[in-house]
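Student:
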Amino acid sequence: MHPPSPDDSVFINCPFDPDYEPLLRVLLFSVIRCGLNPRIARERLESGEPRISKLVELIQETRWGIHDLSRIKAKKKGEFYRMNMPFELGVDLGAKLFSKACANKKILIVAQEPFRHQIGLSDLSNSDIRVHKSDAETLAKEVRNWFRESGVKSVPPGSVVWADFNAFMSDFQIKREKEGYKDADIRKMPVPEFLDFIYRWVEENCG
1420 MHPPSPDDSV
1430 FINCPFDPDY
1440 EPLLRVLLFS
1450 VIRCGLNPRI
1460 ARERLESGEP
1470 RISKLVELIQ
1480 ETRWGIHDLS
1490 RIKAKKKGEF
1500 YRMNMPFELG
1510 VDLGAKLFSK
1520 ACANKKILIV
1530 AQEPFRHQIG
1540 LSDLSNSDIR
1550 VHKSDAETLA
1560 KEVRNWFRES
1570 GVKSVPPGSV
1580 VWADFNAFMS
1590 DFQIKREKEG
1600 YKDADIRKMP
1610 VPEFLDFIYR
1620 WVEENCG
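Quick note: my numbering has the sequence shown finishing at residue 1626, numbered continuously throughout.
Structure (structure tokens):
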């Protein structure tokens, strides 16, 4: 695969907790299946690199941005709100508004439930936000539809994206087990490794 260009690159800002992992996998697959390239902070780990520097670099190198605000609410009394995701959304919106290089950026905001984000982020009250209700199929189809609405003409139908994702995951599980991967290896697989498997599968099965 050639190095992704900014026009084909999608910055993904989402939760990284275990409960979100199924949605992250379908999100990464859907982006690639639609002919684009996901860029995510977990694509590389460098302990000596300030996280904000990595985020700014990813935002500058991507024309598209997908932001999931599903985890901004504290889960229990005394727990703080999780501000990383709205912070990264703010940086991306700031780049779009104030940087000529990012003026054409397209941004999709998704959330688990409608209107809940407005309690903590009232400035987004009039924004068009898609809701996935933690359903992977809904998320896949919302992402596909957004790309098509935003001018990406070569995307397959949402039902095809979802069917292909399920075919990929079945094939992925069988082949990794044959290669000696244990369940823990698959669950904790580094994002770059997982992306390599998606790219290879899509190239071999969706050409």
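Ideal Cβ positions, reconstructed from N, Cα and C, are used throughout, including at glycine.
Being a predicted model, the structure only gives us computed values, none of them experimental.
1. Flag this pair as yes or no: are the beta carbons of V1562 and I1471 separated by less than 9 Å?
2. Taking only beta-carbon positions, decide if F1613 is within less than 9 Å of chain E.
3. Just list the beta strand (DSSP E) runs in the stretch 1433-1520, keeping only unbroken ones of 3 residues or longer that don't cross its boundaries, in chain order.
4. To the nearest angstrom, how far is it from the Cα of D1602 to the Cα of F1613?
5. Measure the alpha-carbon distance for A1514 versus K1473 and round it to whole angstroms.
6. When the Cα atoms are used, what is the spatial distance from K1607 to E1568?
7. Which of helix, strand or coil does DSSP assign to S1428?
8. Would you identify the three-state DSSP class for A1522, choosing helix, strand or coil?
9. Straight-line CA distance for E1476 to S1589?
Tutor: Quick look at the numbers:
1. With respect to I1471, V1562 sits apart: the two C-beta atoms are not nearer than 9 Å.
2. As a matter of chain content, chain E is missing from the structure shown, which is built from one protein chain.
3. 1456-1459 and 1483-1487
4. 14 Å
5. Those two C-alpha atoms are separated by around 14 Å.
6. Going by the C-alpha atoms only, they are around 34 Å apart.
7. strand
8. In the displayed model, A1522 falls within coil according to three-state DSSP, outside both helix and strand.
9. 34 Å
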